[in-house]
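There are 2 protein chains.
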Amino acid sequence: MQALFTDDPEERCKKMKVEDLKKHRDAPAETFIDKQDQRRNNKKKSVKPSRSAGTECEAAREVGVDLEGSDLWKRFDEIGTEMIITKAGRRMFPSLRIKVHNLDPHQQYSIAMDITPVDSKRYRYVYHSSQWMVAGNTDHSCLPPRLYVHPDSPSSGHSWMRQIISFDRVKLTNNEKDDKGHIVLKSMHKYRPRIHVIELSPVQTLVSLPEDGVCSFSFPETQFITVTAYQNQQVSQIHTTPV
Amino acid sequence: MQALFTDDPEERCKKMKVEDLKKHRDAPAETFIDKQDQRRNNKKKSVKPSRSAGTECEAAREVGVDLEGSDLWKRFDEIGTEMIITKAGRRMFPSLRIKVHNLDPHQQYSIAMDITPVDSKRYRYVYHSSQWMVAGNTDHSCLPPRLYVHPDSPSSGHSWMRQIISFDRVKLTNNEKDDKGHIVLKSMHKYRPRIHVIELSPVQTLVSLPEDGVCSFSFPETQFITVTAYQNQQVSQIHTTPV
DNA sequence: ATCTTGCCACCTAGGTGCGAATTT
DNA sequence: AAATTCGCACCTAGGTGGCAAGAT
Numbered sequence: 007m008q009a010l011f012t013d014d015p016e017e018r019c020k021k022m023k024v025e026d027l028k029k030h031r032d033a034p035a036e037t038f039i040d041k042q043d044q045r046r047n048n049k050k051k052s053v054k055p056s057r058s059a060g061t062e063c064e065a066a067r068e069v070g071v072d073l074e075g076s077d078l079w080k081r082f083d084e085i086g087t088e089m090i091i092t093k094a095g096r097r098m099f100p101s102l103r104i105k106v107h108n109l110d111p112h113q114q115y116s117i118a119m120d121i122t123p124v125d126s127k128r129y130r131y132v133y134h135s136s137q138w139m140v141a142g143n144t145d146h147s148c149l150p151p152r153l154y155v156h157p158d159s160p161s162s163g164h165s166w167m168r169q170i171i172s173f174d175r176v177k178l179t180n181n182e183k184d185d186k187g188h189i190v191l192k193s194m195h196k197y198r199p200r201i202h203v204i205e206l207s208p209v210q211t212l213v214s215l216p217e218d219g220v221c222s223f224s225f226p227e228t229q230f231i232t233v234t235a236y237q238n239q240q241v242s243q244i245h246t247t248p249v
Numbered sequence: 007m008q009a010l011f012t013d014d015p016e017e018r019c020k021k022m023k024v025e026d027l028k029k030h031r032d033a034p035a036e037t038f039i040d041k042q043d044q045r046r047n048n049k050k051k052s053v054k055p056s057r058s059a060g061t062e063c064e065a066a067r068e069v070g071v072d073l074e075g076s077d078l079w080k081r082f083d084e085i086g087t088e089m090i091i092t093k094a095g096r097r098m099f100p101s102l103r104i105k106v107h108n109l110d111p112h113q114q115y116s117i118a119m120d121i122t123p124v125d126s127k128r129y130r131y132v133y134h135s136s137q138w139m140v141a142g143n144t145d146h147s148c149l150p151p152r153l154y155v156h157p158d159s160p161s162s163g164h165s166w167m168r169q170i171i172s173f174d175r176v177k178l179t180n181n182e183k184d185d186k187g188h189i190v191l192k193s194m195h196k197y198r199p200r201i202h203v204i205e206l207s208p209v210q211t212l213v214s215l216p217e218d219g220v221c222s223f224s225f226p227e228t229q230f231i232t233v234t235a236y237q238n239q240q241v242s243q244i245h246t247t248p249v
């Protein structure tokens with residue numbers, strides 16, 4: 007029997023408690039955490055934007071981002087999410103899907119994603135104990151992470167808030183010389199995706215992350231270890247279980 | 007034997023003199039005509055924008071648009087181009103592909119397409135004489151034509167000029183109550199697509215065609231008659247001839 | 001008669017995990 | 001040993017023309 011492949015998580019992961027997933031599907035997850043400074047945040051509805059170096063938010067407006075499909079991410083996270091990376095570039099599964107709140111409806115924004123190292127460790131999967139273990143240190147000293155600008159960018163706050171924003175087209179690669187704009191990662195390392203909401207001044211071209219007018223968000227349950235082939239059988243099992 | 011289907015004209019129309027097509031593929035067609043006022047224009051490289059009611063162009067800059075794949079359009083035009091329309095929406099074949107020139111690289115533009123009636127006649131295909139004949143009059147009095155805004159819109163002049171702009175995703179329908187944003191046409195009528203280059207003021211949302219800052223272009227060889235099923239055998243033959 | 005619709009088999013493009021072969 | 005690459009069969013989504021049946 008062969009696997010079924012769809013962009014719809016429900017179809018791909020039949021073994022999950024689908025009814026539960028469906029119930030919470032479009033509802034925000036309940037726990038969030040600030041990014042970078044790692045401060046806990048008890049707000050129910052949204053992540054507070056990080057205030058770390060170089061980022062800044064309009065004081066009056068508290069821009070918020072909710073993670074969609076948090077249940078699926080958590081299901082993977084419990085056993086250790088693995089994300090395939092290939093030379094040609096591989097889509098993420100799960101893909102990052104979010105909702106944004108409290109944007110200025112008439113202001114233009116771009117929304118982008120990047121993926122940052124969680125630590126400077128190298129990991130390896132120990133089969134006989136079915137566990138991920140630290141296998142040494144690495145430096146992430148090389149280059150700043152690549153920015154994946156959402157294809158709907160730029161767009162008005164109104165448009166962004168109207169629907170779920172999906173980053174399902176982004177691709178991950180282990181090819182350091184990639185020229186297709188995919189996000190370059192090191193295999194066997196731990197990462198976490200990050201969302202940036204960028205307030206746009208008219209006719210601003212977005213190449214790298216600007217210093218001002220950016221709110222950044224990330225979600226702890228979306229961290230993963232990069233692999234070139236699935237290591238943990240439980241992980242690949244979820245991937246291949248058909249509807 | 008079954009037909010092959012590709013978005014690439016070369017693959018779809020093997021019977022055509024492919025080598026000729028290839029040779030001229032990215033070269034501008036040689037004859038052009040002004041739209042709406044129907045004045046002839048002998049400029050080799052581009053169509054002069056129409057100056058009809060409500061349109062206006064920057065005097066200093068002569069924005070130009072070239073039709074790509076003109077050979078294919080002409081090949082169809084010689085025998086009478088037929089364009090399928092369906093309730094669900096059908097893509098065009100050939101699709102409209104253009105190049106733009108003389109935009110301000112740093113100015114933002116949207117580029118859109120609509121399809122206007124060539125006359126107020128109703129046509130019917132007479133099998134035994136293999137000919138299209140006028141079958142009566144209609145009024146196009148109903149609604150203004152739907153605007154299909156190119157998905158890359160808005161974008162800088164620089165981006166638009168860098169590559170061929172393809173309208174291959176637009177769909178045509180005969181469903182007057184269409185709610186999917188497809189272009190609504192009447193069957194058995196003669197139409198011609200039109201391209202609009204729209205200079206964008208910052209944070210301008212594009213719903214209908216604005217009064218100012220628009221240059222419009224069209225090409226005589228792109229006119230067609232709408233059908234719900236191909237009438238002329240020569241036409242369907244070109245469509246189905248495999249590589 | 002003439003035109004439209006629904007259904008169908010067929011096609012392409014692109015994405016997927018797996019196992020074998022290869023590299024490090 | 002461990003990690004990566006490659007080729008593969010398989011899958012979905014969406015587009016296509018033809019034909020038969022239906023509508024006008």
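Residue numbers (my numbering), protein chains in the order written: chain H, 7 to 249; chain C, 7 to 249.
The beta-carbon is built from N, C-alpha and C at its ideal position, and this holds for glycine as well.
Computed from a prediction, not measured in an experiment: that's the story for all the values here.
Taking each of C:T232, C:F225 and C:H202 in turn and checking the Cα distance to G219 (chain C), the smallest one comes out for C:H202. A distance below 9 Å separates the beta carbons of V71 (chain C) and V106 (chain C).
In terms of CA proximity to D185 (chain H), H:G95 leads the group H:F223, H:E68, H:H156 and H:G95. Counting other Cβ atoms within 10 Å of its Cβ, L149 (chain H) stays below 16 and is therefore classed as exposed. Each residue's CA atom was taken as its position, placing D110 (chain H) and S159 (chain H) some 15 Å apart. Taking a cut-off of 8 Å on C-beta distances, the stretch 87-104 of chain H touches the stretch 228-243 of chain H, as three or more cross pairs fall below it.
Taking a C-beta distance under 9 Å as the contact criterion, K192 (chain C) and T144 (chain C) qualify as a contact pair.
The criterion of a C-beta distance shorter than 9 Å is not satisfied by H188 (chain H) and K196 (chain H). I231 (chain C) carries a strand assignment under DSSP once its states are collapsed to helix, strand and coil.
Positions of the beta strand (DSSP E) runs, each at least 3 residues long and wholly inside the stretch 152-196 of chain H, are given as 177-179 in order along the chain.
A distance below 7 Å between beta-carbons, with the five flanking residues on each side excluded, links E205 (chain H) to the following residues of its chain, in chain order: Q113, Y115 and G219. The straight-line gap separating the alpha-carbon atoms of N108 (chain C) and E68 (chain C) is approximately 6 Å. Bridge partners of Q137 (chain H) according to DSSP: H:V132. P199 (chain C) sits in a strand when the DSSP states are folded into three classes.
Rounded to the nearest angstrom, the gap between the Cα atoms of S126 (chain C) and H146 (chain C) is 7 Å. The Cβ atoms of P151 (chain H) and D120 (chain H) sit closer than 9 Å to each other. By the Cβ-count criterion, D77 (chain H) is buried, with 16 or more other Cβ atoms from all chains shown falling within 10 Å of its own Cβ. Boundaries cannot be given for L109 (chain H), as no beta strand (DSSP E) includes it and DSSP labels it neither H nor E. Annotated three-state conformation of K80 (chain H) is helix, per DSSP. Just measuring C-alpha positions, the residue of C:G142, C:T122 and C:E74 sitting nearest P199 (chain C) is C:T122.
Listed in chain order, the non-local C-beta contacts of L215 (chain H) below 7 Å within the same chain comprise L153 and H202, local neighbours out to five positions each way being set aside. A direct Cα-to-Cα measurement between S172 (chain H) and P226 (chain H) gives close to 18 Å. At the C-beta level, E74 (chain C) and R103 (chain C) come within 9 Å of one another.
Our two residues, I85 (chain C) and Q240 (chain C), have alpha carbons roughly 8 Å apart in a direct line. If the five residues before and after M194 (chain C) are omitted, its C-beta is found closer than 6 Å to the C-beta atoms of R128 and Y129, all from its own chain and listed in chain order. In the structure shown, T247 (chain H) adopts coil according to DSSP, grouped into three states.
For F223 (chain H), the uninterrupted beta strand (DSSP E) segment begins and ends at V220 to F223. Secondary structure at S242 (chain C): helix, using DSSP grouped into helix, strand and coil. If you look at D145 (chain H), you'll find it isn't in any beta strand (DSSP E); DSSP assigns it neither H nor E. In the three-state DSSP reduction, I117 (chain C) falls in the strand class (E or B).
About 6 Å separates the beta carbon of K93 (chain H) from that of T179 (chain H), a gap short enough to meet the 8 Å contact definition.
In the structure shown, I85 (chain H) falls within a helical segment according to DSSP collapsed to helix, strand and coil. One alpha carbon belongs to Q137 (chain H), the other to Q237 (chain H), and they sit about 9 Å apart. The Cβ-Cβ distance between I117 (chain C) and W166 (chain C) falls below 9 Å. Between the alpha carbons of Y131 (chain H) and H156 (chain H) lies a gap of roughly 33 Å. In the three-state DSSP reduction, P123 (chain C) falls in the strand class (E or B).
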